[in-house]
Amino acid sequence: MQNPDQGRICVGERVLYDSYQNINIPAPKRNSGYIFQDGRLFPHMSVDSNLRYGIKKGEKTKENFDRIIDLLGIEDLLDRRPHKLSGGEKQRVAIGRALLSSPDFLLMDEPLSALDTARKQELIPFIGKMVDRFRMPVVYVTHSLDELLALGDNVVLMDGGRCVDSGRVEDVVSNPANMSHLGLTGRVSVLKAIATDQRSTSGIIKLDGEKLLIPTPQYKAGTKLRVTVRSEDVTISVKKPEGLSARNIMKGTVTGMAETTDYAVGLKIDIGVNIYATITKEAVNDLKIENGSDVYIILKTIALSRRSTATIRQ
Numbered sequence: 003m004q005n006p007d008q009g010r011i012c013v014g015e016r017v018l019y020d021s022y023q024n025i026n027i028p029a030p031k032r033n034s035g036y037i038f039q040d041g042r043l044f045p046h047m048s049v050d051s052n053l054r055y056g057i058k059k060g061e062k063t064k065e066n067f068d069r070i071i072d073l074l075g076i077e078d079l080l081d082r083r084p085h086k087l088s089g090g091e092k093q094r095v096a097i098g099r100a101l102l103s104s105p106d107f108l109l110m111d112e113p114l115s116a117l118d119t120a121r122k123q124e125l126i127p128f129i130g131k132m133v134d135r136f137r138m139p140v141v142y143v144t145h146s147l148d149e150l151l152a153l154g155d156n157v158v159l160m161d162g163g164r165c166v167d168s169g170r171v172e173d174v175v176s177n178p179a180n181m182s183h184l185g186l187t188g189r190v191s192v193l194k195a196i197a198t199d200q201r202s203t204s205g206i207i208k209l210d211g212e213k214l215l216i217p218t219p220q221y222k223a224g225t226k227l228r229v230t231v232r233s234e235d236v237t238i239s240v241k242k243p244e245g246l247s248a249r250n251i252m253k254g255t256v257t258g259m260a261e262t263t264d265y266a267v268g269l270k271i272d273i274g275v276n277i278y279a280t281i282t283k284e285a286v287n288d289l290k291i292e293n294g295s296d297v298y299i300i301l302k303t304i305a306l307s308r309r310s311t312a313t314i315r316q
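In my numbering, the protein residues as written are 3 to 316.
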């Protein structure tokens, strides 16, 4: 919407802006879909009319219209006016309107920031399905780590208007240099897993061949998850532990060590994927831990709470 000071913006092979070649395609001609924080539906129109407002003339839209309202679950809302909708319903309609304009890419400006936690959890799966179904680029602006973990593939981390890091979500969130920017008080591991089983009060997820017990049974088998593990929640043993209440015990190899404070050391442990632990220097010395040491990591089931797990796009 605003001209950059300098740089280059491309979608695929199409150049939208290039300050060096004096290219600047006007915003209305960039064929983008924009979804605001508050939906911005026309209050005097029904949901059906709001959805059809963005449809380009001459397009065959019946099949596309039906597909989108089915995807977003808004068929029962078509005759309502915006003031009769919940916040989550308004945002689903706004997403549908943007998609019906047949954009080349979507810009989503904190689309869930005005919603309460329950409505956010309701809407995140719809956004994930939308991205996978339409396979178009999406730039999603958020201050929420939960939304990032659930929806992101790659992330550009901004602070004070400048880029401080970019890359895969797992790498950026796990980078200790980014803790303060992400509102984290300690290092975290971000691990991809798949739900494999449900129990009455817990669930089982598979992580690179290892199975972990989590205290949230709501995930169906096959659900893809990102699991965040705080380094302070990881306990280390140099012998296979027995008789513990902790359910999750995995063998690994120390592949990295670094002092984090005057009294603590951060460990990087390969268990098939990398997981991070923080223990005292005294523990490192007593256990004679060094690079290459074989260790067992112990992770309490309760540490993998709902707050620590996020479904990711299928």
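No residue lacks a Cβ here, since even glycine has one placed at the ideal position from N, Cα and C. Quick caveat: nothing in here was measured; it's all calculated off a predicted structure.
For a test of the three-state rule: what should DSSP assign to residue i, helix, strand or coil?
i: L182; result: Note that residue 182 is Ser in the sequence shown here, rather than Leu. S182: coil per DSSP, three-state reduction.
i: R121; result: helix
i: Q200; result: strand
i: T303; result: helix
i: K241; result: coil
i: L214; result: strand
i: M259; result: strand
i: R137; result: coil
i: N66; result: helix
i: S191; result: strand
i: L79; result: helix
i: G254; result: strand
i: L209; result: strand
i: T72; result: In the sequence on display, residue 72 carries Asp and not Thr. Here D72 sits in helix by DSSP.
i: N26; result: strand
i: N156; result: strand
Give me, in chain order, the residues of the same chain whose beta-carbon lies closer than 8 Å to that of residue i; leave out the 5 immediate sequence neighbours on both sides.
i: G75; result: R94, F128
i: D50; result: L80, D81
i: S88; result: R121
i: A223; result: A197, T198, D199, Q200
i: L159; result: C165, V166, D167, S168, V174, N180, H183, L184
Return the first residue and the last residue of the alpha helix (DSSP H) that residue i is part of.
i: R94; result: 89 to 102
i: A248; result: Run containing A248: none; DSSP gives neither H nor E here.
i: L43; result: No alpha helix (DSSP H) contains L43, which DSSP labels as neither H nor E.
i: D148; result: 147 to 153
i: S176; result: 171 to 176
Report all residues from its chain with a CB closer than 6 Å to the CB of residue i; omit the five preceding and five following residues, and keep chain order.
i: K302; result: A248
i: I273; result: M252, G254
i: L289; result: V240
i: G163; result: none
i: Y36; result: L109
i: S233; result: G188, R189, Y278, A279, T280
i: I1; result: Nothing in the structure corresponds to residue 1, since the chain is present only between 3 and 316.
Based on the DSSP output, what are the partners of residue i in its beta bridges?
i: F107; result: S34
i: D161; result: R164
i: A279; result: L269
i: V297; result: G254
i: Y221; result: Partner(s): none; Y221 has no beta bridge.
i: V236; result: L301
i: V143; result: D111
Along the chain, where does the beta strand (DSSP E) that runs through residue i open and close?
i: N52; result: Taken as a continuous stretch (DSSP letters only), N52 belongs to no beta strand (DSSP E), being part of the alpha helix (DSSP H) at 49 to 55.
i: D20; result: 16 to 20
i: T230; result: 226 to 232
i: I11; result: 10 to 13
Among the residues of its own chain, which have a CB less than 7 Å from the CB of residue i, if the five just before and after it don't count?
i: K208; result: A195, I196, T198
i: R32; result: L18
Against chain C, does residue i count as a neighbour if the rule is that its beta carbon must be under 8 Å from one of theirs?
i: A305; result: Absent here is chain C; the protein component of the structure consists of one chain.
key: the segment 255 to 263 contacting the segment 287 to 298, beta-carbon criterion three pairs below 8 Å   = Touching, yes.
Do three or more CB pairs link the segment 30 to 41 to the segment 87 to 105 at distances below 8 Å?
yes
Would the segment 179 to 193 and the segment 217 to 236 be scored as touching if the rule is three or more Cβ pairs under 8 Å?
yes
Checklist entry - Given 8 Å as the limit, is there contact between the segment 141 to 159 and the segment 64 to 78, that is, 3 or more CB pairs closer than that? => result no
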